[in-house]
Amino acid sequence: MKELNNAVKRTVQSEKSLKLREINNTYVFNVDKDANKKDIKDAVEKYFNVKVDAVNTVITRGKFRRVGKYTGKLTNIKKAYVKLKEGQRISALEV
987 MKELNNAVKR TVQSEKSLKL REINNTYVFN VDKDANKKDI KDAVEKYFNV
1037 KVDAVNTVIT RGKFRRVGKY TGKLTNIKKA YVKLKEGQRI SALEV
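The numbering of the sequence shown is this note's numbering, which starts it at 987 and goes up by one.
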């Protein structure tokens, strides 16, 4: 991936992600499907001025939805679990 500004799309706000943030200092982001772990790490370090300890990624398969007689599929989503080094926080994302 060439451009870092396209690697991270948005942050995930859910009960699980908020618990991970409090307990493990891990933030969850929706990322571009072509972004690799190094791109995600570089993007988070550049834009939030923090040090990243580890990056784990997972691809969530899109569910099938039906409206009347028509069926469709939601898009696949790639999520990144970004663990920051001890003492680091992203103040812009604190609730």
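Backbone N, C-alpha and C fix where the C-beta goes; we use that ideal spot for every residue, glycine too. Given the structure is predicted, the values throughout are model-derived calculations rather than measurements.
Residue i to residue j span [Cα, whole Å]
i	j	result
ALA1078	LEU1006	17 Å
ASN992	ASP1018	7 Å
VAL1068	ASP1020	17 Å
SER1003	ASN1011	10 Å
DSSP state of residue i mapped onto helix, strand, coil
i	result
VAL1038	strand
VAL1030	helix
LYS1049	coil
ASN1016	strand
LYS1069	strand
LYS1125	Examination of residue 1125 is not possible in this model, given that the chain is present from 987 through 1081 alone.
LYS1055	coil
SER1077	helix
Exposure label - residue i; buried when at least 16 CB within 10 Å
i	result
TYR1013	buried
PHE1034	buried
ALA1029	buried
LYS1071	exposed
Chain D within 8 Å of residue i, Cβ atoms only
i	result
LYS1037	Of the chains in the structure shown, none is chain D; there is only one protein chain.
Beta-bridge pairing of residue i - partner residues as DSSP gives them
i	result
LYS1064	VAL1017, ILE1045
VAL994	VAL1017
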